[in-house]
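In this note's numbering, the protein residues as written are 91 to 276.
Where is the CB? At the ideal position from N, CA and C, for every residue including glycine.
These figures come from a predicted structure and were not determined experimentally.
Here the structure is laid out as structure tokens; the discussion comes afterwards.
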């Protein structure tokens with residue numbers, strides 16, 4: 091597998107890492123949902139933490155996905171490909187697929203309006219601090235994705251309400267929207 095990563099970084103946001111990889115059949119692990127995997131090229135793998143603790147989002151043959159990376163025995167990373175991903179990519183074991191994934195990005199900081207609302211709600215702030223950076227990023231992207239000031243204000247209010255109720259995931263956010271915009275910029 092010959093890596094040909096193309097990194098393009100816009101003014102804001104993570105780089106888009108593009109490469110091709112061959113889908114491999116995984117040894118039977120008892121998890122029938124994950125029968126395929128692909129090994130990230132070394133040049134791409136170096137972009138992520140070596141322990142494999144990274145969540146990636148991108149496209150496989152144009153089909154959007156979000157998935158964790160697994161560390162492999164060689165110090166690189168594997169991406170497990172579930173049935174939905176392989177069906178969406180129209181690919182199976184032995185096929186070479188085209189991937190575009192967002193590279194790592196620094197932890198997102200909440201915008202001022204969301205920060206102020208969190209500070210005013212101890213219950214929401216408590217849960218916010220417990221969320222993974224990946225989940226916090228979804229909430230931030232949802233708030234920042236509003237085109238009108240009124241919509242943004244409603245989203246800030248809804249975010250605080252949902253966090254105070256113990257909801258960890260942004261319910262109303264299109265999780266692929268931001269990633270697809272970034273991937274399609276090139």
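- By a beta-carbon distance limit of 8 Å, residue 128 does not contact residue 183. Their separation comes to about 10 Å.
- In the three-state DSSP reduction, residue 257 falls in the coil class, being neither helix nor strand.
- Annotation: residue 131 to residue 210 spans about 46 Å, alpha carbon to alpha carbon.
- Separation of the CB atoms of residue 206 and residue 250 is rounded to 10 Å, and the pair is thereby denied contact status at 8 Å.
- Judged by DSSP secondary structure, residue 148 falls within the beta strand (DSSP E) whose first and last residues are 144-150.
- In the DSSP assignment, residue 132 falls outside any beta strand (DSSP E) and lies within the alpha helix (DSSP H) extending over 132-135.
- The DSSP-derived three-state label of residue 222 is coil.
- Counting C-beta atoms within 10 angstroms of its own C-beta, residue 149 has 16 or more neighbours from the protein chains shown and is therefore classed as buried.
- As computed with DSSP, residue 188 is found in a beta bridge with 110.
- With fewer than 16 other CB atoms across the displayed protein chains lying within 10 angstroms of its CB, residue 239 is exposed.
- Distance from the CA atom of residue 190 to the CA atom of residue 164, rounded to whole angstroms, is 23 Å.
- Under the DSSP assignment, residue 160 falls in the beta strand (DSSP E) whose first and last residues are 153-161.
- Taking 8 Å as the cut-off, the beta carbon of residue 170 is found closer than this to the beta carbon of residue 160.
- In this structure, residue 193 and residue 270 do not form a Cβ contact; the two beta carbons are roughly 16 Å apart against a cut-off of 8 Å.
- Distances from the CA of residue 226 to each of 140, 135, 196 and 157 were compared; the closest alpha carbon is that of 196.
- In this structure, DSSP gives residue 210 a state outside helix and strand, which the three-state scheme calls coil.
- The beta carbon of residue 141 lies closer than 7 Å to those of 161 in the same chain, with the five residues before and after it left out.
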